[in-house]
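Enquirer: Attaching a single structure in structure tokens format; questions to follow.
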Amino acid sequence: MLITFLTAAASILANSATAVAAPNGAYSCANIPAPKVHGAKVLSIESKERHNFTVSATPPLLLDDVPNLSICDVSVTLSHPNTGDKVVVQVWLPLKKWNGRFVATGGTAWAAGVGQYALAPVLAQDSVAAATDAGVSGELLTPGLWALDAKGKVNYNLLINFASRSIHDMAVVAKAVTQSFYGKQPKYSYWNGCSTGGRQGLVAAQEYPRDFDGILAGAPAISWDKYVVAEHWPQVVMKEAGYFPSHCELDAVTQAAITACDEIDGVKDGVISNLAACRFDPFTAVGKRSQCEGQEAVISRTVASIVKKIWAGPKDAHGNQLWDGLTMGAPMTSLADTTPSGTSGALKGAPFFVSDTWIRYYLKTDPNFNTSTIDSAELTKLFSESVRKYSDIIGSDDADLSGLRKSGGKLLVWQGGSDPLIFPQGTARYRERVEKRMGGHAEDVDNFFRLFFAPGVDHCGQGTTIGAIPSNPFGALISWVEDGKAPDTLPASTPAKAKIQFTRNICKYPLVSKYRGSGDPNSAENFDCVKHY
Numbered sequence: 006m007l008i009t010f011l012t013a014a015a016s017i018l019a020n021s022a023t024a025v026a027a028p029n030g031a032y033s034c035a036n037i038p039a040p041k042v043h044g045a046k047v048l049s050i051e052s053k054e055r056h057n058f059t060v061s062a063t064p065p066l067l068l069d070d071v072p073n074l075s076i077c078d079v080s081v082t083l084s085h086p087n088t089g090d091k092v093v094v095q096v097w098l099p100l101k102k103w104n105g106r107f108v109a110t111g112g113t114a115w116a117a118g119v120g121q122y123a124l125a126p127v128l129a130q131d132s133v134a135a136a137t138d139a140g141v142s143g144e145l146l147t148p149g150l151w152a153l154d155a156k157g158k159v160n161y162n163l164l165i166n167f168a169s170r171s172i173h174d175m176a177v178v179a180k181a182v183t184q185s186f187y188g189k190q191p192k193y194s195y196w197n198g199c200s201t202g203g204r205q206g207l208v209a210a211q212e213y214p215r216d217f218d219g220i221l222a223g224a225p226a227i228s229w230d231k232y233v234v235a236e237h238w239p240q241v242v243m244k245e246a247g248y249f250p251s252h253c254e255l256d257a258v259t260q261a262a263i264t265a266c267d268e269i270d271g272v273k274d275g276v277i278s279n280l281a282a283c284r285f286d287p288f289t290a291v292g293k294r295s296q297c298e299g300q301e302a303v304i305s306r307t308v309a310s311i312v313k314k315i316w317a318g319p320k321d322a323h324g325n326q327l328w329d330g331l332t333m334g335a336p337m338t339s340l341a342d343t344t345p346s347g348t349s350g351a352l353k354g355a356p357f358f359v360s361d362t363w364i365r366y367y368l369k370t371d372p373n374f375n376t377s378t379i380d381s382a383e384l385t386k387l388f389s390e391s392v393r394k395y396s397d398i399i400g401s402d403d404a405d406l407s408g409l410r411k412s413g414g415k416l417l418v419w420q421g422g423s424d425p426l427i428f429p430q431g432t433a434r435y436r437e438r439v440e441k442r443m444g445g446h447a448e449d450v451d452n453f454f455r456l457f458f459a460p461g462v463d464h465c466g467q468g469t470t471i472g473a474i475p476s477n478p479f480g481a482l483i484s485w486v487e488d489g490k491a492p493d494t495l496p497a498s499t500p501a502k503a504k505i506q507f508t509r510n511i512c513k514y515p516l517v518s519k520y521r522g523s524g525d526p527n528s529a530e531n532f533d534c535v536k537h538y
């Protein structure tokens, strides 16, 4: 099952800003000069005006039409020496009015950017918008067109583009084009992305801390070298158990965990609000029956054993933890997906596309390798190989944020507590590593980096989300950067499809939300952020 990877463009919001009139620069849209980019050669620049332009909804990349845009559409193609790459940076400039902001947009899955689907919501709010293809294919589901060179070896130049280099190039190009068109630099520069886009945001904070005044990084795909291999763990668990549970069986155990730990926070809302306090044992659910898709599922000891191992995460032969497992309450059917095997009705594993392609192209350098054959011993070897070869290139988890602190930039990270693709534990551990690296005082780190976990929320707020999704995290970032109002909570509300409708204030990590014991349990005003319970 394909789970949505969003760019988080929908969280670009209408915070007030002083708008300037039509362009006042030295150049019209038709004759914007080629920018200078250190370490790269600009091959071409194309620009044209678009009036009454509409970008049509294309779920999951863009959920609603964005109509009546008036833009100067600029595309800059550049190349890095001795790489043979061709990187396209697209910049959209508002023709009617500009609020003084520049927003760089992130990518999704295997794409470094998603072009107009991320640019349109930004432009609609009168900001300059930019996206990059990093010189790689825009194909979201596989790096197959660019991962390997003609000799079948890893194309490290393009991987570096995807991992980091393209982020800075985009900022340089967009700011130069903005200067030429409006006659001034952006007053405020921002990054906004989720998943791959969130990882890119963390890279900007770590490697290019002067490029952006504010960075919104949702569900960041950091520690890529580790977590992507760990995503294959549920497939290994099922293979070694010799049994592939149906979605119904896995969902039944997930629901049993939610039921057991739902009311820890003092209210029954279908969400595990404090994962650290949940001590559910899946074996206590053995024998329970559930209905789904017209079928009855009975939780067996085999299924309970599989789930317990999936939650525990991968370990080596000596019991050493390699990486995290899925959190209780997170849907398991993305990473523990299955598909019918022949006509017998039996199931077989269906590896998740990101981990599957990473292993095939970057670890095995064999597009035809069958990842379904991997056992725990081989997964341990692949994990170590991935860390050894790629940590410095795409780990994206350097804890030294001294450059960001010195620049005055702000980093706001948020993630769903039930993210089934990027394990929230790794994000929390990154924050803790930053605290240790930056002097050991959480309060000091809070001055430039704040983290929020949204209980019951799926990857980038999509999928099977039942919890309250932050309503305007980008707006909170703007208020922090432009008004000095650092967010202690993020207002959030449940999606329309949720069975229970409620609002919450998502607490700043490591605090968690707890019901006061009186008042409407569906209203955020009746909850407090506390250290533990």
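Residue 6 is where the sequence shown starts when you use this note's numbering, and the numbers rise one by one after that.
Even glycine gets a Cβ: it sits at the ideal position worked out from N, Cα and C.
(1) Out of S349, G330, V178, point me to the one whose CA is closest to S423's CA.
(2) Please classify D174: is it buried, with 16 or more other beta-carbons within 10 angstroms of its beta-carbon, or exposed?
(3) For the segment 178-197 against the segment 370-389, do three or more pairs of beta-carbon atoms, one drawn from each stretch, fall closer than 8 Å, so that the two count as touching?
(4) I need the straight-line Cα distance from F532 to G431, nearest angstrom please.
(5) For E254, count neighbouring C-beta atoms within 10 Å of its own C-beta (all shown protein chains included) and say buried if the count is 16 or more, exposed if not.
(6) Near V94, which residues of its chain fall below 6 Å by C-beta distance, leaving aside the five closest residues on each side in sequence?
(7) Grab me the residues of L98's own chain with a C-beta within less than 6 Å of its C-beta, minus the 5 sequence neighbours each way, in chain order.
(8) May I have a chain-ordered list of the alpha helix (DSSP H) segments no shorter than 4 residues that lie completely inside the segment 229-301?
(9) Measuring only the C-alpha atoms, how far is T289 from V308?
(10) Which residues mark the beginning and the end of the beta strand (DSSP E) in which S49 is found?
(11) Any beta carbon of chain D sitting closer than 8 Å to that of G203?
(12) Taking DSSP as the reference, what is the three-state secondary structure of V94?
(13) Going by the beta-carbon positions, is the gap between H106 and Y213 smaller than 8 Å?
(14) As an exercise, report each continuous beta strand (DSSP E) stretch of at least 3 residues that is fully enclosed by the segment 112-180, in chain order.
(15) Are G219 and G334 touching if we call contact CB-CB under 8 Å?
(16) Mark S33 as exposed unless 16 or more other C-beta atoms lie within 10 angstroms of its C-beta, in which case mark it buried.
(17) With C-beta atoms as the reference, is T376 less than 8 Å away from H237?
(18) Out of K91, L456, L100, which has the shortest C-alpha to C-alpha gap to N166?
(19) Within the continuous alpha helix (DSSP H) that includes A209, where are the two ends?
(20) With a CB to CB cut of under 6 Å and the five nearest residues on each side skipped, what residues in its chain are close to L5?
(21) Give every residue of the same chain whose Cβ lies closer than 7 Å to the Cβ of G408, excluding the five residues on either side of it in the sequence, and list them in chain order.
(22) List in chain order: all unbroken alpha helix (DSSP H) runs of 4+ residues lying wholly within the segment 398-467.
(23) Select from L221, K189, Q190 the residue whose C-alpha is nearest the C-alpha of R204.
(24) Report the rounded CA-to-CA distance for P40 versus T494, giving the unit in angstroms.
(25) What residue from E268, V242, T343, S360 has the CA that sits closest to K313's CA?
(26) Would you mind giving the Cβ-Cβ distance between L340 and P429, rounded to the nearest angstrom? I have them listed as a contact below 8 Å.
(27) Taking the straight line between their C-alpha atoms, what separation do you get for H56 and T499?
(28) Run through the segment 308-363 for me and flag every whole alpha helix (DSSP H) of 4 or more residues, listed as ranges in chain order.
(29) Under 8 Å, do D270 and Y520 count as touching if we go by C-beta distance?
(30) Please confirm whether F285 and A322 have their CB atoms less than 8 Å apart.
(31) What does DSSP give as the partner residues of Y195 in its beta bridges?
(32) What's the gap between the Cα of A62 and the Cα of G206?
(33) When the Cα atoms are used, what is the spatial distance from A302 to Q260?
(34) Kindly indicate which three-state DSSP category P225 falls into: helix, strand or coil?
(35) For V450, which residues from the same chain have a beta carbon less than 7 Å from its beta carbon, with the 5 sequence-adjacent residues on both sides left out?
(36) Between which residues of its own chain and I379 is the CB-CB distance below 8 Å, once the five residues before and five after are set aside?
Expert: The relevant details are as follows:
(1) G330
(2) buried
(3) no
(4) Roughly 27 Å separates the two Cα atoms.
(5) Under the 10 Å beta carbon count, E254 is surrounded by 16 or more other beta carbons and is classified as buried.
(6) V81, T137, M175, V178
(7) C77, V133, F186
(8) 229-235, 238-246, 252-266
(9) 12 Å
(10) 46-60
(11) Although the question refers to chain D, the structure presented lacks it and comprises just one protein chain.
(12) V94: strand per DSSP, three-state reduction.
(13) One point to set straight first is that residue 106 is Arg, not His, in the sequence displayed. The answer is no: Cβ separation not under 8 Å.
(14) 133-137
(15) no
(16) exposed
(17) Remark: C-beta atoms of T376 and H237 approach each other more closely than 8 Å.
(18) K91
(19) 201-212 is the extent of the alpha helix (DSSP H) around A209.
(20) The requested residue 5 does not occur in the structure, where the chain is confined to residues 6 to 538.
(21) P214
(22) 407-412, 429-442, 447-450
(23) Among L221, K189, Q190, the Cα nearest to that of R204 is on L221.
(24) 40 Å
(25) V242
(26) Not quite, the Cβ-Cβ distance comes to about 14 Å (not below 8 Å), so this is no contact.
(27) 36 Å
(28) For the segment 308-363, whole alpha helix (DSSP H) runs of length 4 or above, ordered along the chain, are 358-362.
(29) One thing to note: D270 has its Cβ within 8 Å of the Cβ of Y520.
(30) no
(31) V108, G219
(32) If you draw a straight line from the Cα of A62 to the Cα of G206, it is about 25 Å long.
(33) 12 Å
(34) coil
(35) V439, E440, M443
(36) Taking C-beta separations shorter than 8 Å and ignoring five residues to either side along the sequence, the partners of I379 in its chain run H237, Q240, V241, K244, I364, L387, following chain order.
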